[in-house]
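Q:
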Amino acid sequence: MTDILIHKSSAYIKEDRDYYCSDIRDKHGMIKPDDNLISVTADSTIFADKVEPDKQVSIYYPFKAKSFHRIYLGISYPLFANNWGASFLRHLMYLIDDEGAVILPVYAERQGVEKNYWSRSSLEVIFQSRQKWWGMSNIWAENDGVMSMRIGKKQPPIKNSTFGKFLDASKNSNGQTIGDGWQIESQRHHKNGIISAIAEQIVINVFWTQKTN
């Protein structure tokens, strides 16, 4: 089964790979990627249902459920702890097989609040469940800013977001409408997620300042 690593763009491939290949980031000895890890990007113009080592396809292609074993989220990918980000992570959970995992960077609690990044607690509030067979939590702290999420007994809640609507349209297309227009649409939603996070962060900063003064 295929493992993929998601980058902001191809310029960050080495940086993102190095982040996960470090020996200090693997508490359970289970997340370090092997040499067959395939890169995909957020800005790719290649929309294809098959990922290949020699080209970076778009992560926004409507891949089928359980297409991948493990999905690594590169440190370069701009993922924020908002509804858009939650919808994106939920989508990644849809793409992994029953024994797979989504592996991503997380931040200290205070830093997560201040910068609107994902922390352990924000992940657990939305995504925590019990694993189907073991009864253990499906969210594991790995080491040094890395956590992994596995399929649990219950599905994470659907968040109201523009990315969720984009996903609905992409799944209904079954790959039939993929083309230049789809690339433009996917990039529009990608940028919208970033803009929304910036706006939310401004609100958080103002509220935080008022609360502490």
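With the first letter of the sequence shown counted as 1, position 190 gets the number 182 in the numbering used here; the numbers rise by one all the way through. Glycine included, C-beta positions come from ideal geometry on N, C-alpha and C.
1) If we count Cβ pairs, one from each stretch, closer than 8 Å, do we get three or more for the region 55 to 63 versus the region 97 to 115?
2) In angstroms with no decimal places, state the Cα-to-Cα distance between residue 109 and residue 86.
3) Take the Cβ of residue 3 as the centre, count every other Cβ of all protein chains shown within 10 Å, and call the residue buried at 16 or more, exposed below.
4) Helix, strand or coil, according to DSSP, for residue 204 in the structure here?
5) Taking the beta strand (DSSP E) that residue 91 belongs to, which residues open and close that run?
6) Out of 83, 114 and 64, state which residue places its alpha-carbon closest to the alpha-carbon of residue 8.
7) With residue -1 and residue 33 assumed to form a contact (beta carbons below 8 Å), what rounded beta-carbon distance in angstroms separates them?
8) Could you please give me the residues that DSSP links to residue 65 through a beta bridge?
9) Go to residue 5, then tell me how far its beta strand (DSSP E) extends in each direction, as first and last residue.
10) Quick check on the burial criterion: 16 or more other C-beta atoms within 10 angstroms. Buried or exposed for residue 147?
11) With a threshold of 8 Å on Cβ separation, who are the neighbours of residue 44 within its own chain once the five nearest residues in sequence on each side are excluded?
A: Once the coordinates are examined:
1) Contact check between the region 55 to 63 and the region 97 to 115: fewer than three CB pairs, one atom from each, fall below 8 Å, which does not count as touching.
2) Looking at the two C-alpha atoms, the distance is approximately 22 Å.
3) Per the 10 Å Cβ criterion, exposed.
4) Interpretation of residue 204 is limited by its pLDDT of 48, a score under 50 that renders its predicted location unreliable; the figure taken from the coordinates is listed afterwards. In the displayed model, residue 204 falls within a helix according to three-state DSSP.
5) Its beta strand (DSSP E) spans residues 88 to 97.
6) Measuring C-alpha to C-alpha distances from residue 8 to each of 83, 114 and 64 identifies 64 as the nearest.
7) The C-beta distance from residue -1 to residue 33 rounds to 5 Å, short enough to meet the 8 Å contact threshold.
8) For residue 65, the pairing in a beta bridge is given by DSSP as -2.
9) Element bounds for residue 5: not the beta strand (DSSP E) but the alpha helix (DSSP H), 5 to 13.
10) Looking at its Cβ environment, which holds fewer than 16 other Cβ atoms inside 10 Å, residue 147 is exposed.
11) Correct list, in chain order: 30.
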